[in-house]
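Residue numbers (the numbering used here), protein chains in the order written: chain A, 38 to 221; chain B, 38 to 221.
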């Protein structure tokens, strides 16, 4: 059994939404705030949209990559990390029809997804949520936290990933930028 | 987005339940019948238990193995395949903490999971449903269909899989045997 989180955009939440940008396909509505909590928790107030995702097992990382990531990745909710981004992504049917060895080859050997991410540690904290098996509109929800002075680095990280062959298979991507609400 | 099915044990259903056997961990209750349908469909009558799983992408198969499987595996609902088995399985936390290359090595290079399955094609039709990300009590629900004269072969298939190193990580497994109801 896995832990499922809901990201709820609406009137209230721990994070103020600063911008919502459609990077590929249909975007999402702008709303004042984003709340993050266990899926079972009921959202209060007007809900603009709600996305769900599960902390699941790794799908591509080798033991060496997992060890490297675990050694270097920071925790969420560091005091200085007052900026965040939520990036929901959906990949195409062509991606999901690939075999495991083909997806791994594009993900890492060609596109260096993990290797690129490692370049931005420990500045950028990250948590990946899997949504595809939940019948959600996106396949993944990735949550990032960083200090304001690292936002330009974060933009470079995104630009590098979007330039990879893996991103040819991304058919929908939304970039939601947030600032931690001081009053919650 | 993925297709999610519900397996509902109760008074009515397309399949008569002949036996429910706990192979590892807690078993499930015996009930007269099993219905299989889209998750959204509401179950009617008394429900003994209900398990949900999603048709997801392959997790370990290489392109060569996928091609081999697709060439040789039969469709579900063949007229002669009046016997079926539903095998819900849950693997341990130790399994899910392994990296992708470690799980693949145990699954195929050591335990020959796909290779063993191929030995029983085209007699045994199979459909795998993923449940772990749905927060279900099992990680996988595998559905098998075969003609009565192939039940002994199917038993050999299970015995060979249960003897593998992969099965050291199976902490719950139930074996549900069924016969197609002629009247539905």
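Don't be surprised by glycine CBs; every beta carbon is placed ideally from N, CA and C.
Original post:
How many whole angstroms separate the CB atoms of residue 199 (chain A) and residue 180 (chain A), which I take to be in contact at a CB cut-off of 8 Å?
Top reply: Actually they do not touch by this definition, with Cβ atoms about 18 Å apart.
Original post:
When Cβ atoms are compared, which residues of the region 131-145 of chain B fall closer than 9 Å to chain A?
Top reply: 132, 133, 134, 135, 136, 137, 138, 139, 140, 141
Subject >> Presumed contact (8 Å Cβ cut-off) between residue 69 (chain A) and residue 48 (chain A), rounded CB distance >> reply: 6 Å
Original post:
Nearest chain A C-beta to residue 171 (chain B) closer than 8 Å, yes or no?
Top reply: yes
Original post:
Any idea which residues DSSP pairs residue 181 (chain B) with across the strands?
Top reply: B:122, B:163
**OP:** Answer with buried or exposed for residue 95 (chain A), where buried requires no fewer than 16 other C-beta atoms within 10 angstroms of its C-beta.
**Re:** buried
Subject >> Contact set between residue 89 (chain B) and chain A, taken where Cβ atoms lie within less than 9 Å >> reply: Those within 9 Å of residue 89 (chain B) in chain A number zero; the least Cβ separation is about 10 Å.
**OP:** Would you list, in chain order, the members of the region 162-188 of chain A that have their beta-carbon closer than 8 Å to a beta-carbon of chain B?
**Re:** 167, 169, 170, 171, 172, 173, 174
Subject >> Burial state of residue 83 (chain B) (16 or more Cβ within 10 Å) >> reply: exposed
**OP:** Step through the CB atoms of chain B and report whether any lies within less than 8 Å of the CB of residue 93 (chain A).
**Re:** yes
Original post:
What do you reckon, are the CB atoms on residue 212 (chain A) and residue 58 (chain A) nearer than 8 Å?
Top reply: yes
**OP:** Could you tell me which residues DSSP pairs with residue 209 (chain B) in its beta bridges?
**Re:** B:127
Subject >> Alpha-carbon spacing of residue 217 (chain B) relative to residue 113 (chain B), whole angstroms >> reply: 12 Å
Original post:
Touch check for the region 134-150 of chain B and the region 174-191 of chain B: three-plus C-beta pairs under 8 Å?
Top reply: no
Original post:
In terms of alpha-carbon separation, which member of A:196, A:182, A:104 lies closest to residue 116 (chain A)?
Top reply: A:182
Original post:
What are the start and end residues of the alpha helix (DSSP H) that includes residue 115 (chain B)?
Top reply: It is not in any alpha helix (DSSP H) - residue 115 (chain B) carries neither H nor E in the DSSP assignment.
Subject >> Touch test, the region 104-111 of chain A against the region 190-198 of chain A, Cβ-Cβ under 8 Å, three pairs minimum >> reply: no
Original post:
So the alpha helix (DSSP H) residue 44 (chain A) belongs to, where does it begin and stop?
Top reply: First-last for residue 44 (chain A): 40-47, but that is the beta strand (DSSP E), not the alpha helix (DSSP H).
Original post:
Rounded to a whole number of angstroms, what is the C-alpha to C-alpha distance between residue 85 (chain B) and residue 152 (chain B)?
Top reply: 35 Å
**OP:** Could you spell out the range, first to last residue, of the alpha helix (DSSP H) harbouring residue 99 (chain A)?
**Re:** Element bounds for residue 99 (chain A): n/a, residue is neither H nor E.
**OP:** Report yes if the CB atom of residue 170 (chain B) is closer than 8 Å to the CB atom of residue 64 (chain A), and no otherwise.
**Re:** no
**OP:** Run down chain A in chain order and give the residues with a C-beta less than 9 Å from the C-beta of residue 99 (chain B).
**Re:** 136, 137, 138, 139
Original post:
Does the ligand MN have a heavy atom nearer than 7 Å to the CB of residue 202 (chain A)?
Top reply: The ligand MN is not among the ligands present in this structure, which contains no ligands whatsoever.
Original post:
residue 148 (chain B) versus chain A: which residues are under 9 Å apart at the beta carbon?
Top reply: Per Cβ cutoff of 9 Å: no residues; residue 148 (chain B) is ~16 Å from chain A at best.
**OP:** Count the other CB atoms, across all protein chains shown, that sit within 10 Å of the CB of residue 202 (chain A); report buried if there are 16 or more and exposed otherwise.
**Re:** exposed
Original post:
Considering only residues of the same chain and omitting the five flanking positions on each side of residue 93 (chain A), which have a CB-CB separation below 7 Å?
Top reply: 39, 167
Original post:
Relative to the C-alpha of residue 56 (chain B), which residue among B:103, B:122, B:100 is closest?
Top reply: B:122
Subject >> Strand pairing of residue 151 (chain B), partner residues [DSSP] >> reply: Note: residue 151 (chain B) sits in no beta bridge, so no partner.
Subject >> Exposure label - residue 102 (chain B); buried when at least 16 CB within 10 Å >> reply: buried
**OP:** Put residue 87 (chain A) into one of helix, strand or coil per three-state DSSP.
**Re:** strand
Subject >> Residues near residue 150 (chain B) in its chain [Cβ-Cβ closer than 8 Å; skip 5 each side] >> reply: 97, 144, 198, 201, 203
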